[in-house]
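Here the protein sequences line up with chains A and B, keeping their order.
Counting in our numbering, the final residue of the first sequence is number 281, and the numbers go up one at a time with none missing.
Counting in our numbering, the final residue of the second sequence is number 281, and the numbers go up one at a time with none missing.
Built from N, CA and C at the ideal position, the CB exists for glycine as well.
Source: prediction; values computed, not measured.
Protein chains: 2
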Amino acid sequence: MTNVTQDVRDDFVRLWGSLGTFWGVSPTTARVFGWLFSRSEGADAEEMMTALDLSRGAVSMSCKELRDWGLLTSERPPGSRRTLYSSERDLEKVVRHVVQIRKQREWDPILENLEAWLPRLESESGDDAEFLAERLKAVEQLVELADSMVERLLKGGTVTNFGLKVLVGGAARRSKKPRTSDKAS
Amino acid sequence: MTNVTQDVRDDFVRLWGSLGTFWGVSPTTARVFGWLFSRSEGADAEEMMTALDLSRGAVSMSCKELRDWGLLTSERPPGSRRTLYSSERDLEKVVRHVVQIRKQREWDPILENLEAWLPRLESESGDDAEFLAERLKAVEQLVELADSMVERLLKGGTVTNFGLKVLVGGAARRSKKPRTSDKAS
DNA sequence: CAAGGTCTTCAGGAAATATTGAAAATTCGG
DNA sequence: CCGAATTTTCAATATTTCCTGAAGACCTTG
Chain A
97 MTNVTQDVRD
107 DFVRLWGSLG
117 TFWGVSPTTA
127 RVFGWLFSRS
137 EGADAEEMMT
147 ALDLSRGAVS
157 MSCKELRDWG
167 LLTSERPPGS
177 RRTLYSSERD
187 LEKVVRHVVQ
197 IRKQREWDPI
207 LENLEAWLPR
217 LESESGDDAE
227 FLAERLKAVE
237 QLVELADSMV
247 ERLLKGGTVT
257 NFGLKVLVGG
267 AARRSKKPRT
277 SDKAS
Chain B
97 MTNVTQDVRD
107 DFVRLWGSLG
117 TFWGVSPTTA
127 RVFGWLFSRS
137 EGADAEEMMT
147 ALDLSRGAVS
157 MSCKELRDWG
167 LLTSERPPGS
177 RRTLYSSERD
187 LEKVVRHVVQ
197 IRKQREWDPI
207 LENLEAWLPR
217 LESESGDDAE
227 FLAERLKAVE
237 QLVELADSMV
247 ERLLKGGTVT
257 NFGLKVLVGG
267 AARRSKKPRT
277 SDKAS
């Protein structure tokens, strides 16, 4: 393996790590996934410790978390004592798993709260209660819309399929066209 | 205003605050927005300090950040020396602004990186470089798909309109039906 | 079933992030 | 312009989040 390849891999792992918060895990956990995803073969804990400069505990915890998210598999090959980890290879599956888990953990509780608050406000009279109820209903409506879209994404086969429903104009084609709003004033 | 209304408002502000990281701001900043959004009238800094138990500096910084995101407006009414802050009232606009800014700050750099990495790998030969290029292309494809969808959301008028494109089955209706996958095994 | 090897857990330390508080800047009326 | 009222800024501090390291659990093989 050349240095170029290794450099690109390192950059990719770094970027992916910095994106961890975006999908709800720590940078280290995200780096572990990125690293595994960038390799054609699985790896054992020792290898990750070296490659990513992590403690044994960090590797173990990250892998556990990624397993919980359904983003990697672990197996123990016969004849070896070490666990071999491999990332999920299908990125769409990765997206679906992440979306599903975040939905359960974060969106569903919001809706439960909203559903508990509105009846309480309806039993009140003042203008203030009415106004707040209005606003909460607006929130509920939007969250429920997002919720339905997520449901559809999860049930509807591939992410790409989901995208095609939206991108009727054909903008989904992989293209080199410059993105808009790149460097707004 | 009754205690019930105030209690609901407080709970709402607390929840909204805990969601801050989800859309990329600190809990305090998120609470400020939630509080303003829950009120029919604007408020001055003094009032926020009391209601949200924040320092003067925190209020100023939070409001500045929210203004940057386009989520609140500030005006100085004639005859008063205090700035009056009001939240954006249209939740859809809020969503669009948040999405747009996060796209610019986070997604666009990803695509730029990917576009720089792939040519470097293509000038390499080994299996390893080829494999990594494959994976990066998969990432690029997905990010570009997401990108296109976001563009469409931003350009396509309302969030609700966007949702209707996806929810052809009518699942978008505001309903009381229990959400699926609430408490999975 | 003992021993060596590997993984997991978790208390404690380290790093990153958020918030305060007070000094400096700004704004406005006089 | 001056001075009071208000906002902004930012170094210091507090808080949260993350990672380490070592003790113990768990396997696997001889």
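Apart from the five residues just before and just after valine 121 (chain B), which ones in its own chain have a Cβ nearer than 7 Å to its Cβ?
Taking the first residue of the second sequence as position 1, residue 121 (chain B) is located at position 25. Around valine 121 (chain B): Glu161.
Along the chain, which unbroken stretches of the beta strand (DSSP E) at least 3 residues long are found entirely within the region 152-228 of chain B?
Runs of the beta strand (DSSP E) inside the region 152-228 of chain B: 168-171 and 180-183.
Consider the Cβ of leucine 162 (chain B): report whether some Cβ of chain A lies at a distance smaller than 9 Å.
Taking the first residue of the second sequence as 1, we reach residue 162 (chain B) at position 66. Output row for leucine 162 (chain B): interface = no.
I need the straight-line Cα distance from methionine 144 (chain B) to glutamate 230 (chain A), nearest angstrom please.
For the purposes of this step, residue 144 (chain B) is taken as the residue at position 48 of the second sequence. For the purposes of this step, residue 230 (chain A) is taken as the residue at position 134 of the first sequence. Those two C-alpha atoms are separated by around 22 Å.
Alpha carbon to alpha carbon, how far is asparagine 99 (chain A) from alanine 225 (chain B)?
For the purposes of this step, residue 99 (chain A) is identified with residue 3 of the first sequence, where counting begins at 1. For the purposes of this step, residue 225 (chain B) is identified with residue 129 of the second sequence, where counting begins at 1. Cα to Cα, the separation comes out at about 10 Å.
I want to know whether the region 183-194 of chain A touches the region 231-238 of chain B - three or more CB-CB distances under 8 Å.
Yes, the region 183-194 of chain A touches the region 231-238 of chain B.
Of all the CB atoms in chain A, is at least one closer than 9 Å to the CB of methionine 245 (chain B)?
In the second sequence, the residue the question calls residue 245 (chain B) occupies position 149. So, interface residue.
Around the C-beta of glutamate 52 (chain B), are 16 or more other C-beta atoms found within 10 angstroms, so that it is buried, or is it exposed?
Any question about residue 52 (chain B) goes unanswered here, given that chain B covers just 97 to 281.
Report all residues from its chain with a CB closer than 6 Å to the CB of glycine 39 (chain A); omit the five preceding and five following residues, and keep chain order.
The question about residue 39 (chain A) has no answer, for chain A in this structure spans 97 to 281.
Determine, using beta carbons only, whether arginine 178 (chain B) and glutamate 142 (chain B) come nearer to each other than 9 Å.
Looking up residue 178 (chain B) in the second sequence gives position 82. Looking up residue 142 (chain B) in the second sequence gives position 46. Yes; because the gap between Cβ atoms is below 9 Å, this pair is in contact.
By the 10 Å Cβ neighbour count, where 16 or more other Cβ atoms means buried, how is glycine 130 (chain A) classified, buried or exposed?
One-based indexing of the first sequence puts residue 130 (chain A) at position 34. Glycine 130 (chain A) comes out buried.
Taking its Cβ as the centre, do 16 or more other Cβ atoms sit within 10 Å of lysine 251 (chain B), making it buried, or is it exposed?
Stepping through the second sequence from its first residue, residue 251 (chain B) is reached at position 155. Exposed, since its Cβ has fewer than 16 Cβ neighbours within 10 Å.
Have a look at arginine 105 (chain B) and arginine 216 (chain B) and give me their C-alpha separation to the nearest angstrom.
On the second sequence, position 9 is the one that residue 105 (chain B) refers to. On the second sequence, position 120 is the one that residue 216 (chain B) refers to. Taking the straight line joining both Cα atoms gives about 54 Å.
Pick helix, strand or coil for serine 271 (chain B), following the three-state DSSP scheme.
Walking along the second sequence from the start, residue 271 (chain B) turns up at place 175. In this predicted model, serine 271 (chain B) has a pLDDT of only 49, less than 50, meaning its place in the structure is not dependable enough to derive any value.
How would you label arginine 192 (chain B), buried or exposed, when you count the other beta carbons within 10 angstroms and need 16 or more for buried?
Counting from one through the second sequence, the residue named residue 192 (chain B) turns up at place 96. By the 10 Å Cβ count, arginine 192 (chain B) comes out buried.
Which residue from A:Phe108, A:Gly116, A:Gly153 and A:Met245 puts its Cα closest to that of threonine 256 (chain B)?
To locate residue 256 (chain B), count along the second sequence from 1; it is residue 160. Residue A:Met245 is the option with its Cα nearest to threonine 256 (chain B).
Look at the Cβ atom of serine 170 (chain B), then the Cβ atom of serine 182 (chain B), and state whether they are nearer than 9 Å.
In the second sequence, counting from the first residue as 1, residue 170 (chain B) sits at position 74. In the second sequence, counting from the first residue as 1, residue 182 (chain B) sits at position 86. Cβ distance < 9 Å, so serine 170 (chain B) and serine 182 (chain B) count as in contact.
For the putative contact between valine 262 (chain A) and valine 262 (chain B), defined by C-beta atoms under 8 Å, what is the C-beta separation to the nearest angstrom?
By 1-based counting over the first sequence, the position of residue 262 (chain A) is 166. By 1-based counting over the second sequence, the position of residue 262 (chain B) is 166. The pair is a contact, with the Cβ atoms about 6 Å apart (cut-off 8 Å).
Going by DSSP, what residue range makes up the alpha helix (DSSP H) through aspartate 149 (chain A)?
Numbered from 1 along the first sequence, position 53 holds the residue referred to as residue 149 (chain A). Unbroken run through aspartate 149 (chain A): none, as it is neither H nor E.
Spell out whether any CB of chain B is found under 9 Å from the CB atom of serine 277 (chain A).
Counted from its first residue, the first sequence places residue 277 (chain A) at position 181. Below a pLDDT of 50, predicted positions are generally treated as unreliable, and serine 277 (chain A), at 47, falls in that range; the measurement from the model is reported next regardless. Cβ-Cβ to chain B under 9 Å: yes for serine 277 (chain A).
Closer than 6 Å by C-beta to arginine 172 (chain A): which residues in its own chain qualify, once you throw out the five before and the five after it? Chain order, please.
Taking the first residue of the first sequence as 1, we reach residue 172 (chain A) at position 76. Excluding positions up to five away in sequence, the list reads Thr179.
Between tryptophan 213 (chain B) and chain A, is any beta-carbon pair separated by less than 9 Å?
On the second sequence, residue 213 (chain B) is found 117 positions in, with the first residue counted as 1. Yes, tryptophan 213 (chain B) counts as interfacial toward chain A.
List the residues of chain B whose Cβ lies closer than 7 Å to the Cβ of aspartate 106 (chain A), in chain order.
On the first sequence, position 10 is the one that residue 106 (chain A) refers to. Simply none; closest approach about 11 Å.
Under 8 Å by Cβ, that's how I've got aspartate 149 (chain A) and tryptophan 203 (chain A) pegged, so tell me the actual separation to the nearest angstrom.
Translated into the one-based positions of the first sequence, residue 149 (chain A) becomes position 53. Translated into the one-based positions of the first sequence, residue 203 (chain A) becomes position 107. Contact flag wrong, Cβ pair sits at about 35 Å.
For the alpha helix (DSSP H) that contains serine 114 (chain B), what are its first and last residues?
In the second sequence, residue 114 (chain B) corresponds to position 18, counting from 1. Residues 99-114.
Once the 5 residues before and after asparagine 209 (chain A) are set aside, which same chain residues still bring their CB inside 8 Å of it?
Taking the first sequence and counting its residues from 1, the one referred to as residue 209 (chain A) is at position 113. Counting only Cβ-Cβ distances below 8 Å, and skipping sequence neighbours, we find nothing.
Less than 7 Å between C-beta atoms, sequence neighbours within five positions excluded: which residues of the same chain meet that for arginine 163 (chain B)?
As a working note, residue 163 (chain B) is residue 67 in the second sequence. Closer than 7 Å at the Cβ level, and outside the excluded window around arginine 163 (chain B), lie Ser170.
By Cβ distance, which residues of its chain are closer than 8 Å to serine 151 (chain B), with the 5 residues on each side in sequence left out?
Here residue 151 (chain B) refers to the residue found at position 55 of the second sequence. Here the set comprises Met145.
Quick one: Cα of leucine 168 (chain B) to Cα of glycine 259 (chain B), how far?
The residue given as residue 168 (chain B) occupies position 72 in the second sequence. The residue given as residue 259 (chain B) occupies position 163 in the second sequence. Rounded to whole angstroms, leucine 168 (chain B) to glycine 259 (chain B) spans 25 Å at the Cα level.
Under 9 Å, Cβ to Cβ, is there at least one residue of chain A near phenylalanine 129 (chain B)?
Residue numbering aside, residue 129 (chain B) sits at position 33 when the second sequence is read from its first letter. Not an interface residue.
From isoleucine 197 (chain A) to threonine 101 (chain A), what does the alpha carbon distance come to, in whole angstroms?
Here residue 197 (chain A) refers to the residue found at position 101 of the first sequence. Here residue 101 (chain A) refers to the residue found at position 5 of the first sequence. Taking the straight line from one Cα to the other gives about 33 Å.
Within 10 Å of its beta-carbon, does serine 134 (chain B) have 16 or more other beta-carbons around it, so buried, or fewer, so exposed?
As a position in the second sequence, residue 134 (chain B) is number 38, starting the count at 1. The residue in question, serine 134 (chain B), is buried, as its Cβ has 16 or more Cβ neighbours within 10 Å.
Going by other Cβ atoms of all chains shown within 10 Å of its Cβ, with 16 needed for buried, is arginine 283 (chain A) buried or exposed?
Past the boundaries of the shown model lies residue 283 (chain A); chain A is included only from 97 to 281, so the question cannot be answered.
Is any beta-carbon of chain A found at less than 9 Å from that of arginine 192 (chain B)?
Translated into positions along the second sequence, residue 192 (chain B) becomes position 96. False, the Cβ-Cβ gap to chain A never drops below 9 Å.
Output needed in chain order: residues of the region 192-211 of chain A with a Cβ under 9 Å from some Cβ in chain B.
Going along the region 192-211 of chain A in chain order, one finds Gln196, Arg198, Lys199, Gln200, Glu202, Trp203, Asp204, Pro205, Ile206, Leu207, Glu208, Asn209, Leu210 and Glu211 with a Cβ nearer than 9 Å to chain B.
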